[in-house]
Structure formats: structure tokens, C-alpha cells
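Undergrad:
Residue numbers (this note's numbering): 9 to 245.
#1: Could you check which residue in 126, 93, 187 has the C-alpha nearest to that of residue 108?
#2: Taking the alpha-carbon positions, what's the residue 74 to residue 126 distance?
#3: Under 8 Å, with one C-beta from each stretch per pair, do the segment 15-27 and the segment 178-193 reach the 3-pair mark?
#4: Smallest Cα separation from residue 146: which of 166, 37, 45?
#5: Looking at residue 129 and residue 64, is the spacing between their C-beta atoms short of 8 Å?
#6: Under 8 Å Cβ to Cβ from residue 139, same chain only, skipping five residues before and after it: list those, please.
#7: Between which residues of its own chain and residue 245 is the CB-CB distance below 7 Å, once the five residues before and five after are set aside?
#8: Just verifying my parser: in three-state terms, what is the DSSP assignment at residue 182?
#9: Report yes or no: do the segment 34-48 and the segment 151-171 share at least 3 C-beta pairs separated by less than 8 Å?
#10: Return the CA-CA distance between residue 187 and residue 165, expressed in angstroms with no decimal places.
#11: Tell me, please, which residues DSSP counts as bridged to residue 205.
#12: So, is residue 153 buried or exposed, given that buried needs 16 or more other C-beta atoms within 10 angstroms?
#13: Mapping the DSSP letters down to three states, classify residue 94 as helix, strand or coil.
#14: Whose C-beta lies closer than 6 Å to the C-beta of residue 26 among residues of the same chain, with five residues either side of it excluded?
#15: To the nearest angstrom, how far is the alpha carbon of residue 207 from that of residue 220?
In C-alpha cells form, the structure reads like this:
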């Protein structure tokens, strides 16, 4: 292989490294984390608002049923009172008095339940009054965060597209067999198929190279590749 081919392969490796960094950056944008956090708050606020609305409808139904039952009880009470006023004997009067007492007890229980429902309704209305503007604020924040994320993604995507385009140009200078070898190593070795000797170490695995191996690498002819005995990566001195 020629020295130019090795230079092209080194450029491919550098561009692959840069593309990997950009993809990682794209997948871990702080703008994405911020948008998700706000959307999480918004979802929780919406769920709470729905819970309050559902409970409010239930309490309103209880209140309305209570009003209808109270009206029916009042009519029944007046009827019993009229019968009691015209009772012809003690037995009848006692029976009517017992019915009235039972009716008043049921009504008292109903009144307590309706009162509790009304008090809870007041609390829910207050909570919903607080939630409504909060939902608006969070919705606006979520939209703003989505816009900020989209802008950040566009920057990364543009840089990634440029990097990929430059790689396609660099690859043209590498033979198919060398590229296959590089791609196999890169897939197996954390994205680095071609490393360099830096401070007597392989930049791929960061392990020190034996003196004899370093000496052999120093005497490589232009266009000749070495190999790291520690990790198996192709090596440039």
C-alpha cells in the first residue's frame, strides 16, 4: 500500500471518530434532557388536572343526587307529618313517628356527605385554579424547549452530514481490502481500527509497547502498517 493510502485511512479513522462523537453528542444533548424534564412536569401537571377534574365531576354528581334526594325526602317528610297529624290511634302515630325519625337520620347522613363533598369541591376548584396557569406556563416552556432542542440538533446534524461527506471522499483513497480490515477492527474495538504510537503507547488501547516492537515500528517503510501486539489494532508510527 502507498503512503497516500495510509494517510487516507488515517483521515477516515479521524472522521469516523468525529462522527461517533457527534452521534453520541446528538443522543445526549442537554437540550433534549431539558425538554424531556419540562415535558415530564407538564405530563404530571396534566395528570393531576385530569384527576382533579374527574373527582370534581364525581362530587358534582354526588351533590346533584343529594339535592334530588333531599327534595324527595322533604316531600316524604311533609306527607308523613300530615299523616301523623291525622293519625287515628297511638299505634299508627308511633309507626309514623318511627318513619319520620328514620327519614331524618338518613337525611342527616346525606347532609353530612353533601357538606363534605362541597368542601372538597372548594378545595378542588382552588387547586384547579392554580393548575390552569401552571399548565399554560409549562406548555409554553415545553414549546420553547422543543425549539431550542431542534436548533441544537440542526447544528449537530449539519456537522455530522459534513463529516460523513468528507469521509466518503477520503474512503475513495483506500483499497477495498484495507478498508474491510479497518472496518472489522473498528467494529470489534470500540470504533478504533487504526491507532498511532503516542509516547511509546498505542493510542487505541493506551498500553505501553515493548521496546522491540517500538524499534520495529520505527523501521517501517513508507506505506507499511504495524500492528499493536496488545489489542490487534493497525498502528501508525
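Idealized CB from N, CA, C, for every residue including glycine.
TA: On the basis of the coordinates in this document:
#1: Numbered from its first residue, the chain shown carries residue 108 at position 100. For the residues 126, 93, 187, the minimum Cα distance to residue 108 belongs to 93.
#2: One-based indexing of the chain shown puts residue 74 at position 66. One-based indexing of the chain shown puts residue 126 at position 118. Each residue's alpha carbon lies about 11 Å from the other.
#3: yes
#4: Position 138 of the chain shown, counted from the first residue, corresponds to residue 146. Closest by alpha carbon: 45.
#5: Taking the chain shown and counting its residues from 1, one reaches residue 64 at position 56. Taking the chain shown and counting its residues from 1, one reaches residue 129 at position 121. Going by C-beta atoms, residue 64 is nearer than 8 Å to residue 129.
#6: The residue you call residue 139 lines up with position 131 of the chain shown. Contacts found: 53, 56, 57, 60.
#7: Position 237 of the chain shown, counting from 1, holds the residue named residue 245. 205, 225, 226, 228, 234, listed in sequence order.
#8: Here residue 182 refers to the residue found at position 174 when the chain shown is read from its first residue. Residue state, collapsed to three classes: coil.
#9: yes
#10: Position 179 of the chain shown, counted from the first residue, corresponds to residue 187. Position 157 of the chain shown, counted from the first residue, corresponds to residue 165. If I take the Cα positions, the gap works out to 25 Å.
#11: Reading the chain shown from its first residue, position 197 is the one you call residue 205. Paired residues: 210.
#12: Taking the first residue of the chain shown as 1, we reach residue 153 at position 145. It counts as buried.
#13: On the chain shown, residue 94 is found 86 positions in, with the first residue counted as 1. Residue 94 falls in the coil class under three-state DSSP.
#14: The residue you call residue 26 lines up with position 18 of the chain shown. Hits under 6 Å: 171.
#15: Looking up residue 207 in the chain shown gives position 199. Looking up residue 220 in the chain shown gives position 212. Answer to the nearest angstrom: the Cα atoms are 15 Å apart.
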